[in-house]
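Numbering (our numbering), first residue to last: 104 to 182.
Positions of the beta carbon are idealized from the N, C-alpha and C atoms, including for glycine.
Small disclaimer: the values here were computed from a predicted structure and weren't measured.
Below is one structure, written out as structure tokens, with a few remarks after it.
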Amino acid sequence: MSHQVTLMTRQGCHACEVAEADVRRICGELAVEWSAVDVDTDPELRAEYGDRVPVILIDGAEHGYWKVEEERFRRALAR
Numbered sequence: 104m105s106h107q108v109t110l111m112t113r114q115g116c117h118a119c120e121v122a123e124a125d126v127r128r129i130c131g132e133l134a135v136e137w138s139a140v141d142v143d144t145d146p147e148l149r150a151e152y153g154d155r156v157p158v159i160l161i162d163g164a165e166h167g168y169w170k171v172e173e174e175r176f177r178r179a180l181a182r
């Protein structure tokens, strides 16, 4: 099954940079498409996610936030 990962992020967020590196590495290894979205570019996204970034979405559903739990993330992508 093919998944789409979206990382909700913002500029100047160290945790977001760490999460993006992890998502890039893991998705690259598993050949899973991913993208990053800056929540500050959209008032609705900023209101929804606030200071809870980074947030990881898999196929549009929230998977986790603040950090990538690698084993859990890999299991979700293997489904």
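Open item on the list: What residue range does the alpha helix (DSSP H) around G167 cover?
Closed with: Reading the sequence shown from its first residue, position 64 is the one you call residue 167. Here G167 belongs to no alpha helix (DSSP H); instead the beta strand (DSSP E) covers A164 to Y168.
Open item on the list: Using DSSP's beta-bridge definition, name the partner residues of D141.
Closed with: Within the sequence shown, the letter at position 38 stands for residue 141. In DSSP, D141 forms a bridge with T112.
- [ ] Less than 8 Å between the CB atoms is what I'm expecting for P157 and C119, so what's the real figure, rounded?
- [x] Position 54 of the sequence shown, counted from the start, is the residue given in the question as residue 157. Position 16 of the sequence shown, counted from the start, is the residue given in the question as residue 119. About 4 Å separates the two Cβ atoms, so the contact holds.
- [ ] Return yes when the Cβ of Q114 is within less than 8 Å of the Cβ of D154, no when it is not.
- [x] As a position in the sequence shown, residue 154 is number 51, starting the count at 1. As a position in the sequence shown, residue 114 is number 11, starting the count at 1. Q114 sits away from D154, with the two beta carbons spaced by 8 Å or more.
- [ ] Put V121 into one of helix, strand or coil per three-state DSSP.
- [x] Locating residue 121 in the sequence shown gives position 18, counting from the first residue. Reduced to three states, the DSSP call for V121 is helix.
Task: DSSP state of V126 mapped onto helix, strand, coil - done: Reading the sequence shown from its first residue, position 23 is the one you call residue 126. Helix.
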